[in-house]
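Numbering (the numbering used here), first residue to last: 6 to 77.
Don't be surprised by glycine CBs; every beta carbon is placed ideally from N, CA and C.
Take a look at the structure below.
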Amino acid sequence: MSVSKEMKFFIYLIERYAQKKGIPTPVILEQWDKLDLTMFIFDMYELYHSEAIENAFDDIDRLVLTRTCDRL
């Protein structure tokens, strides 16, 4: 069984994002799941893989902030 290029990139993205934040990857995934962001971020492959990873991180930070504020 092979892993899709989208899944490979998603794993790379979440691991690098967690490293940047200094937070364990499973904690990041749990946060994204609670905010219903995991599949949204996964589906952003076409955009995120074609730009600087820092831009994806900035976008994810905005998404997390927006979803967190919406739930208050």
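Run the CB neighbour count on Tyr-53, radius 10 Å, all protein chains shown included, and call it buried at 16 or more, exposed below. buried
Do Phe-62 and Tyr-22 have their CB atoms nearer than 8 Å? yes
Beta-carbon within less than 8 Å of Ile-58's beta-carbon, same chain only, minus the 5 sequence neighbours each way: which residues are those? Leu-18, Arg-21
How many Å lie between Leu-40 and Ile-28 at the Cα? A straight-line Cα-Cα distance of about 17 Å links Leu-40 and Ile-28.
Give the secondary structure of Asp-41 by DSSP, where H, G and I count as helix, E and B as strand, and everything else as coil. coil
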